[in-house]
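Sequential numbering from 1 applies to the sequence shown in the working numbering.
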Amino acid sequence: MIAVIGSSNMDIVFNVEHFTLPGETQKALSLDFYFGGKGANQAVAAAKLSEKPVYFCSCLGDDEYGNQISQNFKKYKIEGYYVQKNEKTGRAYIEVDKSGENRIIIFSGANDNVDRNKIDKFFDKYGDEIDICLLQNEIPMHSVEYAISKLKEKGITIIYDPAPVGSTRIESLNDIDFLTPNSKEFMFLCEKERKTASRQISIDFDEYNLGKSMLEFKRISKVKNLILKMGDKGVVYIDKDENFGKIKPLKVNAVDSTGAGDIFNGAFAVAFSETKDLQKSLNFANTAAAISVERKGAQSSIPKREEVLKPLS
Numbered sequence: 001m002i003a004v005i006g007s008s009n010m011d012i013v014f015n016v017e018h019f020t021l022p023g024e025t026q027k028a029l030s031l032d033f034y035f036g037g038k039g040a041n042q043a044v045a046a047a048k049l050s051e052k053p054v055y056f057c058s059c060l061g062d063d064e065y066g067n068q069i070s071q072n073f074k075k076y077k078i079e080g081y082y083v084q085k086n087e088k089t090g091r092a093y094i095e096v097d098k099s100g101e102n103r104i105i106i107f108s109g110a111n112d113n114v115d116r117n118k119i120d121k122f123f124d125k126y127g128d129e130i131d132i133c134l135l136q137n138e139i140p141m142h143s144v145e146y147a148i149s150k151l152k153e154k155g156i157t158i159i160y161d162p163a164p165v166g167s168t169r170i171e172s173l174n175d176i177d178f179l180t181p182n183s184k185e186f187m188f189l190c191e192k193e194r195k196t197a198s199r200q201i202s203i204d205f206d207e208y209n210l211g212k213s214m215l216e217f218k219r220i221s222k223v224k225n226l227i228l229k230m231g232d233k234g235v236v237y238i239d240k241d242e243n244f245g246k247i248k249p250l251k252v253n254a255v256d257s258t259g260a261g262d263i264f265n266g267a268f269a270v271a272f273s274e275t276k277d278l279q280k281s282l283n284f285a286n287t288a289a290a291i292s293v294e295r296k297g298a299q300s301s302i303p304k305r306e307e308v309l310k311p312l313s
């Protein structure tokens, strides 16, 4: 079974002509509300694409947003989350410009209550059933690190999206099964490693030098598989045997990229749990994410399983 440990938010989305400049006031073209949060996006993607229950360690507030999100989880047979009394549900305030690019401000709210105690109770109830677990950084970093230690202890495959990337510790990446940053996050991690350990990692995004940079980082961090999400440039990866590979991008008419990386991870978890084939799983994930950017919202843009399989057949 697939599990997720992470955040749940209500996404409040402003569609705008352009990203608002410092000191500028602009009128939004539209205002929309979507279910979001990196953890919740991954959980719903996994549930929708596998059509099996997903276990989700997360925390909602006891407010109207929390109630709406809980009803949505029940729809997809997602269980394991907590409701925190006297706390607000997490929110994400998102600007989406006309090209489909986004800029996001997070209010953590109840997500900060995903702690060791809740993680222990979650594993006590579901741990023996879990094969793969997805992690991200929208809950406290000490909780992420504790979850990693528990997952290693139980031999559960870890898919870790280091986003938001600022709090990621290189030391925590040791033996992560699949690390899935996007290109900007990967550059940040390389720069962080260079500053903290005085080791120079060259970053060059032509194919040969990028592979070299990824290999250097993989060896330093001891990540088993490094998967780099490149947006409209596709996906590049280095597997556990240090083989370099590339998944070609799909041509899409991008409307909104919100949640695309989360949908990629959820879809990857589903495919890998079923096939244990890295390349097939990356193709499935890349296709799901590509379809999603042609639609608005995060969870609302997740395609059905048959939509993803059709271009792959």
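C-beta: ideal position from N, C-alpha, C; glycine also.
Residues in the same chain with beta-carbon distance under 7 Å from Ala269, minus the five sequence neighbours each way, listed in chain order, please. Ile2, Ala46, Ile132, Leu134, Ile159
Residue burial classification, Ser30 (beta-carbon count within 10 angstroms, cutoff 16): exposed
Which residue wins for smallest C-alpha separation from Ala40, given the options Ile238, Glu242, Glu138, Asn225? Glu138
Is the shortest distance between the beta-carbon of Lys48 and the beta-carbons of chain B less than 8 Å? Structure shown: chain B not included; a single protein chain is present.
Taking 7 Å as the limit between beta carbons, can you name the residues of its chain near Ser292, skipping five residues before and five after? Gly259, Ala260, Ile263, Ser301, Ile302, Pro303
Do Asn15 and Ala28 have their beta-carbon atoms positioned less than 8 Å apart in this structure? yes
Three-state secondary structure (DSSP) of Lys246: strand
Helix, strand or coil for Leu21, going by three-state DSSP, please let me know. coil
To the nearest angstrom, report how far apart Ser70 and Thr20 are at their CA atoms. 32 Å
Close beta carbons around Asn72, own chain, < 6 Å, minus the five adjacent residues each side: Phe35
State the Cα-Cα distance for the pair Phe178 and Val223, rounded to the nearest angstrom. 7 Å
Thinking Ala147 and Ile119 are a contact (beta carbons under 8 Å), I'd like their distance in whole angstroms, please. 6 Å
Closest by C-alpha distance to Tyr81, when choosing among Val4, Asp97, Asp239, Leu312: Val4
With 16 other CB atoms within 10 Å as the buried threshold, where does Lys48 fall? buried
With respect to the alpha helix (DSSP H) encompassing Thr180, which residues constitute its N-terminal and C-terminal limits? Segment: none, Thr180 is in no alpha helix (DSSP H) and carries neither H nor E.
Using a threshold of 8 Å, state whether the C-beta atoms of Lys246 and Gly234 are closer than that. yes
Kindly give me the distance between the Cβ atoms of Phe122 and Cys59, rounded to whole angstroms, as I take these residues to be in contact under 8 Å. Rounded, the Cβ-Cβ distance is 11 Å, inconsistent with contact.
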